Every structure is written in C-alpha cells, then in structure tokens.
Ligand code: CCH
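Residue numbers (the numbering used here): 352 to 636.
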C-alpha cells in the first residue's frame, strides 16, 4: 500500500555487474602502482579474507571482512593489504548497499578476469561481521615452511592436494615486497597477466638459493631476476603436489579450468548462501 515503508533495495545481477565494471575501470585507470596494476593485490586480499576458514569450527572464511579491524589487519600475513582495501573504498562509497565481504571477493574475481584469467562465477550473500569475529593469527600459510605446512593449512580449509597446487598458481600474478613479507620480486616476467607461467618456470627453470641478507628464497639461474618462495619450491619436492605442477605446466587450459573451480570454492568458504545460482560477469573490452 501507499503507506508501506520504503522497500529495501534488492540488487540484481545487473547491479553487481555495475560494481564489477567500476572495479575494472579503476584497475584500468590506476596503473601507477607496482608493475602497472592493483589486480594482484586485490586477488591477495580476496584470498586472505577467505583463507582464514576453519572447517572444524566453521569460523573465518570470506564472510565478515574482519580484516578491516585490528588485530586481523595487523597479522603479519596481511601486511600491505591496506593498499587493496583502500583501493576499494571509493567503490564501496559508490555502491553502499554491497557488503565489504561481497565487495572484496567480487574484486578478486574481477581482477582474475581482467588480468586475462578464467571466468570466476560469483554469487552474493556474505555478511559483514564486527571485530569479535576476527580470526586468530596463524591461519594463513607461512612461506618459509614446507609441504607439510601447506597440507596442514589448506586441508584445514577443506582443500585436497590438487586444489592446493591450483590455488598457489595465483603466484603467476604480482610480486613480493621487502616492506611487506620481507621476500622480494615477481615469480615471472608478466606479473599482471594471469597465465600458467608459475608452473612452467617452477618445473623447467633451474632454481638456486638467492644470496642476500633477506629471508631464504630462490632465484632462477638463467636471469637471476625471478623468485620462488620456499613453499613454492616445496610443490616440486612432494610427489602428491609435483604431478599437478607438471600437469598445469603442460596444459594452460586445464590449469585455467581447475583454478576457476577452486577459486570459486575459496571465495565461498564459510558462507551460507541463499542462492544456488552464480553470476558470470562480463569482462571489460
Ligand atoms: Fe601468495 N604470497 N601465498 N597466494 N600471493 C604473496 C603474494 C601473493 C604465500 C605467500 C605469499 C596463495 C598462496 C600462498 C597471491 C595469491 C595467492 C607473498 C608476498 C607471499 C609471502 C607478499 C608481499 O610481500 O607483498 C604462501 C606461503 C602461500 C601458500 O603456500 C594463494 C592460494 C593465492 C591466491 C589464490 C598474490 C596474487 C600475490 C601477489 C600480491 C601482490 O601484492 O603483488
């Protein structure tokens, strides 16, 4: 009736596509950062927001966006992610109806697509939580460790060996920063394009320990300009992991398909959705 209160705004796929387009436009315009794109750090924000999930207790996961608050914002693993959160603030101001937790995951999906990766079907429904829902430190992987640690951390989220390797293939994107993690450099020569190069180089290059005062990391023998983390190298030392590295190194289509599936799963950890259907966003031209 005419006297009924204002109906709440129920966004449709078209509204979420507008958010996608706004993130994509900002990515295209703000190229004065790192290797020319905020895309990689947006992917990392989406991953660290989601990868806190613990399947036993159902805590953590992409619901909540609790990285807005200390102590979670100050966890060592999240160093530098303020850059990504700040990048998205104007988008949140433009579309105040979207939750931070939906926005951060949508931006991660957008970055993968805009940087030439596979489509990442996405659905809304995450709710923001307050500081009390912050997860304890130590739920995200420590790059100085080995294959046992990778399995411990990622199986706590509910992933199997194949999924763990596929996810880490996101290291095709971006770089390490000495003022964030202490590590330094990119994993390949096109850090703003999503490819299977991480696996190809990991499988085919000769990796030697970097001589420097920083934390232990590896460098490619032929150019000395690329890097691998100890955890990345661990994927080649473990039979269960190595076979997937080799599969993805050989076949980019297989990697794209399996990465998409597992990234969708990552972005949905800990969320009870009301809808089965996912949106496939249109990538910008
Ligand atoms: Fe990662 N990652 N990551 N990573 N990561 C770093 C950077 C990125 C580990 C450690 C690091 C995933 C898994 C792992 C990205 C996506 C993913 C850095 C450098 C470290 C250290 C941070 C810095 O200095 O700025 C470890 C350990 C693991 C697992 O063993 C997974 C899974 C994903 C996504 C699916 C992306 C993207 C970056 C680049 C960020 C940037 O700022 O360029």
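Yeah, the Cβ is synthetic: ideal placement off N, Cα and C, and Gly gets one too.
If you're wondering where the values come from, they're calculated on a predicted model, not measured in any experiment.
Count the other CB atoms, across all protein chains shown, that sit within 10 Å of the CB of residue i; report buried if there are 16 or more and exposed otherwise.
i: residue 339; result: Outside the shown range of the chain, which is 352 to 636, sits residue 339, and nothing can be said about it.
i: residue 557; result: exposed
i: residue 370; result: buried
i: residue 542; result: buried
i: residue 409; result: exposed
i: residue 627; result: exposed
i: residue 573; result: exposed
i: residue 468; result: buried
i: residue 441; result: exposed
i: residue 462; result: buried
i: residue 498; result: buried
i: residue 425; result: exposed
i: residue 403; result: buried
i: residue 460; result: buried
Within its chain, find whatever has a CB closer than 8 angstroms to the CB of residue i; leave out the 5 residues flanking it on each side and keep chain order.
i: residue 629; result: 472, 473, 474, 615
i: residue 376; result: 635
i: residue 605; result: 598, 599
i: residue 443; result: 449, 451, 454
i: residue 565; result: 529, 533, 534, 535
i: residue 476; result: 453, 622, 623, 624, 625, 626
i: residue 420; result: 481, 482, 485
CB residue i to CB residue j, shorter than 9 angstroms?
i: residue 578; j: residue 562; result: no
i: residue 538; j: residue 602; result: no
i: residue 464; j: residue 632; result: yes
i: residue 585; j: residue 547; result: no
i: residue 520; j: residue 527; result: no
i: residue 592; j: residue 515; result: yes
i: residue 569; j: residue 559; result: yes
i: residue 399; j: residue 517; result: no
i: residue 489; j: residue 622; result: no
i: residue 386; j: residue 525; result: yes
i: residue 406; j: residue 507; result: yes
i: residue 619; j: residue 513; result: no
i: residue 482; j: residue 439; result: no
i: residue 486; j: residue 555; result: no
i: residue 580; j: residue 495; result: yes
i: residue 390; j: residue 466; result: yes
i: residue 553; j: residue 587; result: yes
Apart from the five residues just before and just after residue i, which ones in its own chain have a Cβ nearer than 6 angstroms to its Cβ?
i: residue 392; result: 434, 435
i: residue 428; result: 491
i: residue 306; result: Only positions 352 to 636 of the chain appear in the structure, and residue 306 is not among them; the question remains open.
i: residue 451; result: 416, 479
i: residue 360; result: 448
i: residue 551; result: 600
i: residue 509; result: 406
Which residues bound the alpha helix (DSSP H) around residue i?
i: residue 456; result: 451–465
i: residue 434; result: 433–445
i: residue 366; result: 364–380
i: residue 647; result: Past the edges of the chain, shown from 352 to 636, lies residue 647, and the structure says nothing about it.
i: residue 583; result: 581–588
Could you please give the first and the last residue of the uninterrupted beta strand (DSSP E) stretch that includes residue i?
i: residue 570; result: 569–571
With 9 angstroms set as the bound, which would you pick, yes or no: does the beta-carbon of residue i sit closer than that to a beta-carbon of chain D?
i: residue 576; result: Judged by its chain identifiers, the structure shown contains no chain D, having just a single protein chain.
Who are the Cβ neighbours of residue i in its own chain at under 7 angstroms, not counting the five residues just before and after it?
i: residue 549; result: 520, 522, 523, 538, 539
i: residue 501; result: 492, 515, 582, 585
i: residue 505; result: 515
Alpha helix (DSSP H) runs contained entirely in the segment 492–557, provided each spans 4 or more residues: 498–508, 512–519, 548–555
Residue ranges of each alpha helix (DSSP H) within the segment 387–435, 4 or longer: 390–401
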